[in-house]
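These protein sequence lines are chains A and B, in that order.
Remember, the numbering used here sits 5 above the position in the first sequence when you count from 1.
Remember, the numbering used here sits 272 above the position in the second sequence when you count from 1.
The beta carbon of each residue, even a glycine, is placed where N, CA and C say it ideally should be.
Read through the structure below, which is laid out as structure tokens, and then see the notes.
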Amino acid sequence: MTARDLHPGAWWLWALGLAAAASFTLNPVVLLLICAVASLVVMARRTDAPWALSFRFYVYFAVLVVVMRVLYRIVLGGGASATDVVLLRLPEIPLPEAARGITLLGDVTQQALLGGFYDGLRLGTLIICIGAANALANPKRLLKSVPPAFYEIGTAVVVALTLFPQLAESVQRVNRARRLRGSPRRGVGVLRRIAVPVLEDALERSLTLAAGMDARGYGRAGSATPAERLRTGALMIAALCVMCVGVYAYLDGTAPRYLAVPALVSALVLAAVGLWSAGRRVQRTRYRPDRWRAADLLTAACGIAVAIGIDRAYDVDPYAVMPYLDRWPEVPWWVVLIALVGVVPALLTPPPVPDVPAPADHRDDREVSRAGAA
Amino acid sequence: MLELRDVSVTYPESVEPALEHVDLTLADGELALVCGRTGSGKSTLLGLFNSLVPHFTGGTLAGDVLVDGASILGVPPRELAHLVGYVPQDPLSGFVSDIVEDELAYGMEQLGLDPQTMRRRVEETLDLLGIADLRRRALRTLSGGQQQRVAIGAVLTMHPRVLVLDEPTSALDPTAAEDVLATVARLVDDVGLAVVVAEHRMERVVPFADRVVTVADRRVAAGDPATMLRTAPVAPPIVQLGRLAGWDPLPLSVRDARRRRSDLLDRVAARVEARPGDPSDSRPPIPRPTILRAEKVSVAYRSVSAVREVDLTLRAGRVTALMGRNGSGKSSLLWALQGSTRRGGRVSVDGRDPSGLSAGEARALVGLVPQTAADLLYLETVAEECAAADSQAGVEPGVCRGLLDRLAPGVPDDRHPRDLSEGQRLALVLAIVLTSGPRVVALDEPTRGLDYAGKDALATILHELTADGHAVVVASHDVEFVAVVADEVVVLAEGEVVSEGPVAKVLAESPAFAPQVAKVLGPPWLTVAEVEAALR
């Protein structure tokens, strides 16, 4: 397959599909499988771009979340029933009357630990899925694909994304320059020593960028009448409200079913009309937009398939998805297969276009600043 | 094409106008060079052409500005994007996307051009600027010269009638600067654009210029380059040489001047023969102790080698210049001399290695003024900065201020360091660095943003430092500055020393680094001052 970058939307749909699947289950094996699938695809399909290198930070964060969840369950123990298996007996610290209902330490049960672990794992998996999307999809190309109505917001985000690495670079530069001049050793002084030059730098850059963008025609189009603006705004707010109702009804099993899917669908319709109405006034065109081709559709479909599969699995075998807390979780083979569908993009999509490496002499300056910070 | 009628600009919070009663007309297909001292209002003048002044900067504008015959008063810059292409000083800070091709298309997307036209224009522009092989490259990985050409291309795709460039070559090495200027000259020839360029290092642009616009004392004057440069407040070396030799009309290119050099050469030769000695060894050969000796210094960042086994000797009372293209390892070498991490080799300053010492002790051996000197400043007033420098260096109060007064007299105590001129700010940072009393002073690209007068002042400062017994090392692209200031030159390429020796020998030998006077008169002449001294 010839190398090409997939549509960023495809990666996001895939990753959100995996994330949705993870949110439907507490089975640790399935969750770890989803993490593995996401990591594998990231390894196979990411580039050398800066955002692609951030994946490991999401992994660290996910691990931290799991650890925190378990610790939390240990520290704020209690709530154990008589049948629970006690693993560790810790003294219970008495709390004043005001904090009634909260217990500090106390018996640590297997149920509490596993519950915390599974819960943390689910959250961690969500984080890893989002991290995978961030690593695989070029954020700037994604923002280029948003509907024209979001153009202004999109540009603001692009600018923020551009300025952020520059900010990091100037922090490193200023930090390195501290060596050249005595500097306050601790406290507010250090912060000021670094923050003042960095912020001045950032402010100057932002102003230059704003002037440059204005000079290049940014914000040129736009001749909406007040009535049009009002209509667009009303449509978008209505869509948002209906969407909230729909999502709530979908996730809350006790809400009437007729609220769920119909509300979601009508919210989508309202949003689409609103976007169309807002986009009509924008006279802007797009240079070589990303297209959806077979591989992109396949990637998105894989993610969605995993989500639907795990969701449906609950109907077939609830304990495969929501395991007992007192024994080893069972994992039917077909649930494993469903989760493994997510790995298909690593095999069947074209590899990304390799990032052209910077020639050695230009790396110089940036590497200097990195090494200086280290 | 561009017309200013009795324009005055007053910025808010200032009593005096920045520009006053300016009348100026620029025709189609003309390259106009705007010159003037730093802070004279060059950027204000450029900003007028696409309404950035006063729309973006604030302030009030009196008079009328016409582009293509229509008044643009009250029209915001974005509505002029298709008429006037404006390229800001630092191209990287003006980029909106991350890929060359997308950046070229950005302006057209704003104009709402159809995809077919966009595609065609992007291809045409890539070819016109000779950057077709860079089309998929990330902007951050390009070299300075390439970035500048992309920035020019990004406004050209909108097919403007006027191109406004604010100091397009200030951060570039001589070769990259030539490339960019050749590109601009070709645009004037082939596309028929009107181009307005503001530039400090005028020597590069003057040969291409059809008109010279001088900005001084809030007034603007324009005219034929040869006439204007006769009296311009700032002038490139070749013009100064012409003024000195009394040539009329003034030569504007090296080729012009070379054809007329014979009489000057005769006069200079006659004077020199009358006196013993030749200008390159006019300084008496007194023994100079070595202060810093670096042996086989290597610097590497992960797998990339920045400096490879460089030997360097700095002597008291001498200025050594490090030259070489962008990224040839000049900065890395300076940082290594100051004591930053290096991969191998030895540095010894009076028998001590700065890298083994604490930051404070290293500062007392080698003082470094980094490329972005403002990184060292963080307080609100000049006085606070000086006081902090004194206490940090552990010297009695007033030392830093005293140094500053020697380097740049008359910097007000209560001024915010950001509000100082480039030259004053550099002097402040240098004073702070000198407060620690280093024997070796290193400066990384100190001439960025300095005009000719600023560079002269800096040269005087450096000569004073050497007279005090300091050893000075300067990394610079600026050939003319190096010719004036340096005693010895070390040229680096890919982290290795490719040539070193006395300034006259090294500079005159290299086609890229030869100053204009050397190009005209041949070695050993390097600077106008030398010729002037010989004629006296």
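If you measure from the beta carbon of residue i to each beta carbon in chain A, is any gap under 8 Å?
{"i": "B/Q664", "result": "yes"}
{"i": "B/D647", "result": "yes"}
{"i": "B/G402", "result": "no"}
{"i": "B/A353", "result": "yes"}
{"i": "B/P774", "result": "no"}
{"i": "B/M595", "result": "no"}
{"i": "B/A805", "result": "no"}
{"i": "B/T653", "result": "no"}
{"i": "B/V368", "result": "yes"}
Excluding the 5 residues preceding and the 5 following residue i in the sequence, name in chain order all residues of the same chain whose CB lies nearer than 6 Å to its CB.
{"i": "B/A481", "result": "L303, L305 and P497"}
{"i": "A/A137", "result": "A20, A43 and V47"}
{"i": "A/P364", "result": "Legend: pLDDT at A/P364 = 45, less than 50; position of this residue unreliable, value from coordinates given subsequently. Contacts found: none."}
{"i": "A/Y3", "result": "Missing from the structure shown is residue 3 of chain A; chain A here goes from 6 to 379 and no further."}
{"i": "B/R635", "result": "S708"}
{"i": "A/A24", "result": "L131 and C134"}
{"i": "A/V250", "result": "A268"}
Quick check: the Cα distance between residue i and residue j, rounded to an integer number of angstroms?
{"i": "A/A318", "j": "A/V326", "result": "7 Å"}
{"i": "B/L679", "j": "B/D750", "result": "21 Å"}
{"i": "A/G224", "j": "A/P144", "result": "21 Å"}
{"i": "A/G22", "j": "A/T304", "result": "10 Å"}
{"i": "B/R407", "j": "B/P432", "result": "21 Å"}
{"i": "A/L118", "j": "A/V247", "result": "38 Å"}
{"i": "A/W56", "j": "A/T167", "result": "11 Å"}
{"i": "A/R146", "j": "B/L513", "result": "54 Å"}
{"i": "B/A427", "j": "B/E804", "result": "The amino acid at residue 427 of chain B is misidentified as Ala; the sequence shows Val. Looking at the two C-alpha atoms, the distance is approximately 44 Å."}
{"i": "B/G794", "j": "B/D461", "result": "31 Å"}
{"i": "B/A588", "j": "B/C672", "result": "22 Å"}
{"i": "B/G601", "j": "B/P508", "result": "29 Å"}
{"i": "B/L320", "j": "B/D583", "result": "51 Å"}
{"i": "B/G425", "j": "B/I403", "result": "9 Å"}
{"i": "B/Q382", "j": "B/V757", "result": "48 Å"}
Excluding the five sequence neighbours on either side, which residues of its own chain have a C-beta within less than 7 Å of the C-beta of residue i, listed in chain order?
{"i": "B/G416", "result": "A443, L444, A448 and N598"}
{"i": "A/Y253", "result": "A260"}
{"i": "A/V75", "result": "L118, G121, F122 and G125"}
{"i": "A/A27", "result": "L36, I39, R127, T130, L131 and C134"}
{"i": "A/L240", "result": "L275, V278, G279 and S282"}
{"i": "B/R711", "result": "I563, V621, D622, L637, H742 and A743"}
Examine chain B for any beta-carbon lying closer than 8 Å to the beta-carbon of residue i, and answer yes or no.
{"i": "A/N139", "result": "no"}
{"i": "A/G224", "result": "yes"}
{"i": "A/G308", "result": "no"}
{"i": "A/V176", "result": "no"}
{"i": "A/R185", "result": "Sequence check: residue 185 of chain A is Leu here, not Arg. It does: the Cβ of A/L185 has a partner Cβ on chain B nearer than 8 Å."}
{"i": "A/V358", "result": "yes"}
{"i": "A/A4", "result": "Any answer about residue 4 of chain A is impossible in this case: the structure gives chain A only from 6 up to 379."}
{"i": "A/V163", "result": "yes"}
{"i": "A/V179", "result": "yes"}
{"i": "A/Y329", "result": "no"}
{"i": "A/Y292", "result": "yes"}
Keeping to the same chain, check which residues put their C-beta closer than 8 Å to that of residue i; ignore five residues upstream and five downstream.
{"i": "B/D686", "result": "T653, V654 and A655"}
Relative to the ligand MG, is the shortest distance from any of its heavy atoms to the C-beta of residue i smaller than 7 Å?
{"i": "B/V576", "result": "Looking at this structure, you won't find the ligand MG or any other ligand, since it has none at all."}
Near-chain A residues of the segment 301 to 329 of chain B (beta-carbon distance less than 8 Å), N- to C-terminal order | N322, L324, H327 and F328
Could you list the residues in the segment 196 to 222 of chain A with a C-beta less than 7 Å from some C-beta on chain B, going in chain order?
-> R197, R198, V201, P202, E205, R210, T213, L214, A216, G217, M218, D219, A220, R221 and G222
Any alpha helix (DSSP H) of 4 or more consecutive residues that is wholly inside the segment 101 to 169 of chain A | 115 to 141 and 144 to 149
Could you give the uninterrupted runs of the beta strand (DSSP E) lying entirely in the segment 675 to 745 of chain B, keeping only those of 3 residues or more?
-> 712 to 716
Contiguous beta strand (DSSP E) assignments of at least 3 residues, all confined to the segment 32 to 67 of chain A | none
Give the residues from the segment 264 to 290 of chain A that approach chain B closer than 7 Å (Cβ to any Cβ), ordered along the chain.
-> Q288, R289 and T290
Going along the chain, which unbroken runs of the beta strand (DSSP E) with 3 or more residues stay wholly within the segment 461 to 529 of chain B?
-> 466 to 470, 483 to 488 and 491 to 495
Residues in the segment 699 to 728 of chain B having any Cβ partner in chain A nearer than 7 Å | I704 and V705
Quick one: which unbroken alpha helix (DSSP H) runs of 4-plus residues sit fully inside the segment 602 to 679 of chain B? Chain order, please.
-> 602 to 610, 631 to 637, 654 to 665 and 671 to 679
Name the residues in the segment 424 to 451 of chain B whose C-beta lies less than 8 Å from a C-beta of chain A; which are they?
-> A426, V427 and M430
Start-end ranges of the beta strand (DSSP E) lying completely within the segment 573 to 604 of chain B, minimum 3 residues = 576 to 587 and 591 to 595
Unbroken alpha helix (DSSP H) runs of length 4 or more, entirely within the segment 224 to 294 of chain A: which are they?
-> 231 to 256 and 262 to 285
Give, in chain order, every unbroken run of the beta strand (DSSP E) that is at least 3 residues long and sits entirely within the segment 293 to 325 of chain B.
-> 303 to 308
Residues from the segment 373 to 385 of chain B in contact with chain A, defined by Cβ distance under 9 Å | E373, D374, L376, A377, Y378, G379, M380, E381, Q382, L383, G384 and L385
Members of the segment 618 to 629 of chain B that neighbour chain A once the beta carbon cut-off is set at 7 Å | none
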